[in-house]
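Please read the structure below before turning to the comments.
Put into structure tokens, the structure is as follows:
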């Protein structure tokens with residue numbers, strides 16, 4: 037917002053001066069040019085600052101992942117007596133890193149008024165981090181204020197609609213998810229299909245996977261599509277997606293994987 041106001045002021049001043057000296061035509065031309073140049077310069081300065089803040093977030097997550105990896109190596113060299121406590125320790129290291137990252141996102145707040153899109157971008161990041169912490173109430177608060185463009189955000193939205201028994205899940209999938217391609221299509225379509233099977237609507241699950249198969253060659257998608265088309269609903273299995281699937285908390289893996297701490301940075 038501030039960048040637009042400043043650009044308008046600069047354009048108005050330059051336009052008025054030029055119009056006085058060179059006439060109306062040149063005044064309009066210079067006013068528009070000054071506004072565009074001001075907008076570009078301000079945008080570059082803001083992008084540079086936001087880039088530095090993003091780098092700080094990445095450094096927090098990378099440092100945390102390195103610490104977790106070192107701890108895992110120690111456990112491999114000297115297996116702990118209590119594996120449950122060891123797993124809890126690793127999970128605590130992850131949670132602490134996520135909370136530090138959430139705290140660090142506050143550094144972006146002064147820049148929201150300079151970039152109208154930035155707040156939604158940071159809200160999307162915060163929503164995913166809160167989901168990782170299983171703070172679902174905060175996730176539900178943030179979802180309407182997010183960009184739902186990447187496959188993980190879309191999958192999380194489907195999960196929350198399902199958990200909240202929201203009847204709009206089919207409309208949301210048709211509107212936002214059906215045009216995805218490749219691996220993006222696989223994650224979202226398989227999540228939706230799993231939900232539809234749990235809701236005793238197998239035909240919608242079949243239709244979703246048949247459509248997604250035309251846009252993706254993901255092996256798990258292909259295998260599950262074949263199973264559903266042949267009526268083998270009980271054989272549906274998303275384990276092939278690995279942590280992408282289990283991080284949605286709809287199912288627990290037989291052997292819990294160590295999740296990567298790093299998140300997509302916006």
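In the working numbering, the protein residues as written are 37 to 302.
In this text, a Cβ means the ideal position worked out from N, Cα and C, and glycines have one as well.
Quick caveat: nothing in here was measured; it's all calculated off a predicted structure.
Contacting residues, own chain, Cβ-Cβ under 6 Å from residue i (five flanking each side not counted)
i, result
"residue 252", "218, 221, 222"
"residue 195", "284"
"residue 143", "89"
"residue 170", "none"
"residue 168", "134"
Alpha carbon of residue i to alpha carbon of residue j, nearest angstrom
i, j, result
"residue 191", "residue 284", "8 Å"
"residue 150", "residue 198", "36 Å"
"residue 165", "residue 174", "10 Å"
"residue 259", "residue 239", "17 Å"
"residue 87", "residue 59", "42 Å"
"residue 187", "residue 224", "6 Å"
"residue 184", "residue 162", "13 Å"
"residue 155", "residue 206", "28 Å"
"residue 177", "residue 227", "22 Å"
"residue 245", "residue 272", "11 Å"
"residue 160", "residue 277", "22 Å"
"residue 133", "residue 97", "6 Å"
"residue 55", "residue 46", "14 Å"
Nearest neighbour of residue i, chosen from the options [CA to CA]
i, options, result
"residue 125", "82, 137, 138, 110", "110"
"residue 137", "95, 114, 106, 147", "95"
"residue 230", "211, 92, 264, 102", "264"
"residue 203", "172, 140, 237, 178", "237"
"residue 181", "200, 152, 56, 279", "152"
"residue 267", "280, 288, 243", "243"
Whole-number beta carbon distance between residue j and residue i, since they are thought to touch under 8 Å
i, j, result
"residue 67", "residue 82", "Contact flag wrong, Cβ pair sits at about 22 Å."
"residue 80", "residue 103", "Incorrect: roughly 35 Å between the Cβ atoms, too far for contact."
"residue 241", "residue 232", "4 Å"
Beta-carbon contacts of residue i that lie in its chain and below 8 Å, excluding the five residues immediately before and after
i, result
"residue 208", "193, 194, 197"
"residue 107", "125, 126, 129"
"residue 48", "67"
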